Each structure stands twice: as structure tokens, then as C-alpha cells.
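Contents: one structure, followed by commentary.
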Amino acid sequence: MKIIQNKFFCTECGKEGISVIRQENRQREIGHLKKLYCLNCKKETNHAEIREMEGYSQQDFQQEYELGRFVGGRRIEIKKLSLCTNLKCKYNINKNCWNANKTFRCSHRRYDNKKEVNNESI
Ligand SMILES: [Zn+2]
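Note that the sequence shown covers residues 67 to 188 in this note's numbering.
In C-alpha cells form, the structure reads like this:
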């Protein structure tokens, strides 16, 4: 059994957390979140585990964090994201609005799939 040491990043402040050494004994979902004490937030927060080998890199975390996929320490699933019609928006990833934490005010966001999109400019 190999010992692995992966980096963890705080989903609340985005800073690198204390790395955890553990045995690779079972498969976890990619980008798995773990509650760890964050020195920056001075409290326990959810941290995303970086697993380069399995396709979840530090860049993937940074993109999720910067665009706003984490809300209250949880990652919002792709299928639960609002749809977006503004293809030029940096928060628009494959027509989904990744700004789940709503730090960006946008009129293209569709909260309700039944409602028509409001196309007025931001
Ligand atoms: Zn933190």
C-alpha cells in the first residue's frame, strides 16, 4: 500500500491548507472535500484534495474557487448550476454558470429553467 501526500486547499479562502499524509486505501470521488483546520480562516473548513494523477489539479481547484463553485464549503454540482446564455462570460463553462456563490451579478443567469432569459446587458 502506498503512502500518498496530497495538497489540500480551503474552499472558503482558497489558500493551501495543511497537507495530510494517508494511506491510499480506497477510492474517493475526484476533488473530494475534507474537513480540516484552516490556519487562514482559523476554523475548520472543507478543503479540496488535489489529485493530479486522477485529473483534479491545483488549477482545477483554482478555477472552481475563483469562479465560485463553492457555497458554504460545498461544491455545487454541475447539474445544479444555473444555465447561462452569455457564452462570452468567464463564468460560463459549457453553458453553466459556475458562479454558484453569486459574487458576480449577472442578468444572463437563469434561476428557473421555465423562465425566459433576460438579455439586457449587465
Ligand atoms: Zn481558509
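Just so you know, even glycine gets a beta-carbon here, dropped at the ideal spot from N, CA and C. Note that the structure is a prediction, hence the values are computed from the model and not measured.
According to DSSP, residue pairing for glutamine 89 in a beta bridge involves Ile69. Using a cutoff of 8 angstroms, the CB of glutamate 78 counts as near ligand 1, since one of the ligand's heavy atoms is closer than that.
Straight through space, the alpha carbons of glycine 134 and glutamine 125 are spaced by roughly 14 angstroms. For lysine 101, the CB stays at least 8 angstroms from every heavy atom of ligand 1.
For alanine 166, DSSP assigns no beta-bridge partner whatsoever. Here DSSP, grouped into helix, strand and coil, assigns tyrosine 157 to coil. Counting along the chain, glutamate 132 sits inside the alpha helix (DSSP H) bounded by residues 124-133. Residue state for lysine 101 is assigned as strand, using DSSP reduced to three classes. Distances taken from the Cβ of glycine 134 to the heavy atoms of ligand 1 include none shorter than 8 angstroms.
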